[in-house]
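So the working numbering is basically just the index in the sequence shown, starting at one, shifted up by 7. Reading through the structure tokens given below for one structure.
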Amino acid sequence: MKKITILLSLLILLPLTVTSKPLIPIMKTLFTDVTGTVPDAEEIARKAELFRQQTGIAPFIVVVPGVNEASFRQNGKAMLAHASSSLSDVKGSVLLLFTTREPRLIMITNGHVESSMDDKHLGLLVENHTLAYLHADLWYQGINNALAVLQAQILKQPTPPLTYYPHPGQQQENDPPGSTTTLGLFAWAVAFIVFTAFFNYTTRLNYALKFAMAMTIANMGYQALCLYIDNSFAITRISPLWAGLIGVCTFIAALLLTSKR
8 MKKITILLSL LILLPLTVTS KPLIPIMKTL FTDVTGTVPD AEEIARKAEL FRQQTGIAPF
68 IVVVPGVNEA SFRQNGKAML AHASSSLSDV KGSVLLLFTT REPRLIMITN GHVESSMDDK
128 HLGLLVENHT LAYLHADLWY QGINNALAVL QAQILKQPTP PLTYYPHPGQ QQENDPPGST
188 TTLGLFAWAV AFIVFTAFFN YTTRLNYALK FAMAMTIANM GYQALCLYID NSFAITRISP
248 LWAGLIGVCT FIAALLLTSK R
């Protein structure tokens with residue numbers, strides 16, 4: 008009899024323990040990503056803080072695998088109120104919930120967000136300007152667009168067009184190897200001096216052409232060296248266009264320096 012009683016108690020308490028699990032993680036900061044999907048989380052948090060300063064609205068951005076939408080909409084305002092209770096310098100707050108398993112954006116406000124639309128239509132507007140990026144796994148760009156559209160609605164400004172926001176790491180990845188360092192300019196100057204001493208002057212045009220060709224090849228070698236040092240060497244990452252631009256600039260510089268000969 009005692010075993011049956013214990014078993015019945017467990018069966019009764021089990022659903023309570025399951026339902027007591029929070030729908031979303033506790034929001035201790037403006038940006039929370041439990042999936043590790045969004046790159047440059049610090050940059051997103053910085054932009055959320057900038058949004059708060061410009062609008063007076065605290066945007067809580069949460070990224071989770073999935074959520075029960077009905078339960079979330081029912082309890083979202085209470086969770087948002089709890090998260091924003093420690094903020095004294097804001098006039099309202101908004102919760103932007105992104106789900107990764109099925110890319111979606113669900114938005115809830117605390118009722119103090121001034122907009123010409125109600126929460127439902129405002130959320131649909133922001134989501135429609137974001138979904139294309141989310142379905143393409145461009146979460147950083149999607150979140151930035153969501154913040155931009157929401158801010159425009161709050162400040163009664165025109166809705167901004169879809170914009171691609173390259174994250175800081177991506178900007179550096181797209182630059183030619185070594186082009187963003189002071190060492191690149193120093194290497195160019197040293198190579199120019201070395202070639203000046205090495206090449207014999209013939210005619211002005213031939214002299215400039217030799218310089219341009221040498222500097223183009225040297226730059227490609229410099230790019231390869233930078234990639235090798237960075238342990239990311241690949242032929243496809245060497246930029247012939249950048250090396251060609253260096254060659255053209257060198258050709259012009261050589262012509263100007265030999266104009267009096």
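Note that the Cβ used here is the ideal one computed from N, Cα and C, for glycine as well.
In the DSSP assignment, the alpha helix (DSSP H) including residue i goes from what residue to what residue?
i	result
Met220	211-236
Arg111	Premise fails: Arg111 lies in the beta strand (DSSP E), 111-116, not in any alpha helix (DSSP H).
Val156	146-161
Kindly give me the distance between the Cβ atoms of residue i and residue j, rounded to whole angstroms, as I take these residues to be in contact under 8 Å.
i	j	result
Leu112	Leu102	No, Leu112 and Leu102 are not in contact; Cβ-Cβ is about 11 Å, not under 8 Å.
Val133	Val97	With 8 Å as the limit, Val133 and Val97 do not qualify as a contact, their Cβ atoms being about 19 Å apart.
Arg211	Thr257	Between Thr257 and Arg211 the Cβ distance is about 14 Å, and since that is not below 8 Å, they are no contact.
How far does the beta strand (DSSP E) with residue i in it extend, from its first residue to its last?
i	result
Leu138	From DSSP, Leu138 is part of no beta strand (DSSP E) but of the alpha helix (DSSP H) over 138-142.
Val70	64-71
Asp125	Unbroken run through Asp125: none, as it is neither H nor E.
Gly99	99-106
Thr39	38-40
Taking DSSP as the reference, what is the three-state secondary structure of residue i?
i	result
Thr243	helix
Ser93	coil
Phe199	helix
Asn75	coil
Phe206	coil
Lys54	helix
Lys35	coil
Gly251	helix
Thr265	coil
Gly130	helix
Gln178	Residue placement at Gln178 is flagged as unreliable, the pLDDT there being 49, under the threshold of 50; the coordinate-derived value follows with that caveat. Three-state result, Gln178: helix.
Gly43	coil
Among the residues of its own chain, which have a CB less than 7 Å from the CB of residue i, if the five just before and after it don't count?
i	result
Ser122	Leu129, Gln160, Ile161
Phe205	none
Glu76	Ile113
Gly83	Leu102, Ile115
Tyr171	Gln148
Pro168	none
Give every residue of the same chain whose Cβ lies closer than 6 Å to the Cβ of residue i, excluding the five residues on either side of it in the sequence, and list them in chain order.
i	result
Leu104	Val69, Ile113
Ser271	Residue numbering for the chain in the displayed model covers 8 to 268; residue 271 lies beyond these limits and cannot be assessed.
Return the chain-ordered list of same chain residues with a C-beta closer than 8 Å to the C-beta of residue i, the five sequence neighbours on each side being excluded.
i	result
Arg59	Leu37, Ala65, Pro66, Val97
Pro165	Ala159
Pro72	Val41, Thr42, Thr106, Thr107, Arg108
**Item:** contact_flag[the region 219-229, the region 250-263] where n(CB pairs < 8 Å) is 3 or more
**Value:** Enough Cβ pairs lie closer than 8 Å, so yes.
**Asked** Within the chosen definition, does the region 137-148 reach the region 39-52 through at least 3 CB pairs nearer than 8 Å?
**Response** These segments touch.
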